[in-house]
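Since the structure comes first, as structure tokens, the remarks are kept for the end.
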Amino acid sequence: MVGPERPVIVLFGSSFVQYSFSNGGWGAILADVYARKADIVMRGYQGWNSRRALEVVDKIFPKDAKVQPSLVIVYFGGNDSIGKHSSGLGPHVPLDEYIENMRKIALHIKSLSNETRLIMLSCPPVNEEVLRKSKSGALANVVRTNEICKRYSDACVKLCQELKIEAVDLFHIIQKQDDWATTCITPDGIHLTEEGSKVLVAEIFQVIKNAKWEPSLYWKSLPTEFGENSDYNLVAPDGKSTINPSDWTYHRKIRWD
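Here the sequence shown is numbered in this note's numbering, starting from 52 and rising by one per residue.
Structure representation (structure tokens):
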């Protein structure tokens, strides 16, 4: 660990999380916005389903850890919702089991500390046309439809309501965007583009901003590390003072609220 100690925000999930720091992904956006305010930690595992995650959740989030996360953002469901393979192998998890797996994961994370908060992301829609035409060896025979994705998404949102956990309903939010299947979904038909990631980040910020959490984890509410004035900063036009750049955000294309 390096200091000083900051709030820790952990992203936990499948490739949806693992890829989130690539190509303008939502994890990278969060890391930029929370720079000098909180540490964004990625725990993403390509191909994982809720069953695999449940097997190791106590290793990823040990209850006896010296520092517990302030916020965990969890995504599983896309791989769970893939159609069952005749061999019995593969990532498919029946809906009822998926719900119980997510319940156990949520309860474990909530038990880490009284200050650990949780947001769950539901399944986004997929570009079915792209998936039908896929010649990828891994995806060519995958059964993944929006009808099924919706069931898993709705189940995740319903579980969050039951457990009083914050949720982002990605399935419906993404489909509100113009030409969502091409602007928000990557050419593999599954993951989020940069534009899709911006939609997700906006929703995450709204959840954090509106949540009744004490202390607030909204980025504007968190102090900027080493944000005090310094004689070593750039000299102001008056030649007698300096300009504090600690909270400059001019480099961002989006002025996040």
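Glycine is no exception: its CB is placed at the ideal position from the N, C-alpha and C atoms.
Using a threshold of 8 Å, state whether the C-beta atoms of L221 and C174 are closer than that. Going by C-beta atoms, L221 is nearer than 8 Å to C174.
Cutting at 6 Å between CB atoms, please list the residues of its own chain near G129, excluding the five before and the five after it. Excluding residues within five positions, the ones whose Cβ falls inside 6 Å are C174.
Count the other CB atoms, across all protein chains shown, that sit within 10 Å of the CB of R303; report buried if there are 16 or more and exposed otherwise. R303 sits exposed, since fewer than 16 C-beta atoms from the chains shown fall within 10 Å of its C-beta.
Tell me the DSSP secondary structure of D83 in three-state form. Note: D83 maps to helix in three-state DSSP.
Give the range of the beta strand (DSSP E) segment to which D170 is assigned. It should be pointed out that residue 170 corresponds to Ile in this sequence rather than to Asp. Residue range R168 to L172 is occupied by the beta strand (DSSP E) that includes I170.
Candidates N165, R94 and E151: which alpha carbon is nearest K114's? Nearest in C-alpha terms to K114, of all of N165, R94 and E151, is N165.
Of the listed residues F63, A232 and R168, nearest to E180 (C-alpha basis): Of the listed residues, the one whose Cα sits closest to E180 is A232.
Using a Cβ-Cβ distance under 8 Å, would S281 count as near chain C? The structure shown contains no chain C; it is built from a single protein chain.
Would you tell me roughly how many angstroms separate the C-alpha atoms of S73 and D147, rounded to the nearest one? The straight-line gap from Cα to Cα measures roughly 33 Å.
Give me the Cα-Cα distance between Y126 and V258, rounded to the nearest whole angstrom. Cα to Cα, Y126 sits roughly 15 Å from V258.
Report the rounded CA-to-CA distance for V177 versus N100, giving the unit in angstroms. Answer to the nearest angstrom: the Cα atoms are 17 Å apart.
Top-ranked residue by Cα proximity to G95, from I124, I160, L268 and K117: Nearest C-alpha to G95: I124.
For H242, tell me which candidate among G54, V59, S65 and V53 has the shortest Cα-Cα distance. The option with the nearest alpha carbon to H242 is S65.
In angstroms, rounded to a whole number, what distance separates the CA positions of D289 and E276? Distance between D289 and E276, taken at the CA atoms: about 27 Å.
Report yes if the CB atom of L62 is closer than 8 Å to the CB atom of I91, and no otherwise. Between L62 and I91, the C-beta gap is smaller than 8 Å, which places the two residues in contact.
DSSP state of I241, grouped into three classes? Shown here, I241 sits in coil according to DSSP, grouped into three states, outside any helix or strand.
Assuming contact is defined by CB atoms lying nearer than 8 Å, are Y85 and W307 in contact in what I supplied? It is not a contact, given that the beta carbons lie outside the stated cut-off.
Contact check, V250 vs Q226, beta carbons under 8 Å: It is not a contact, given that the beta carbons lie outside the stated cut-off.
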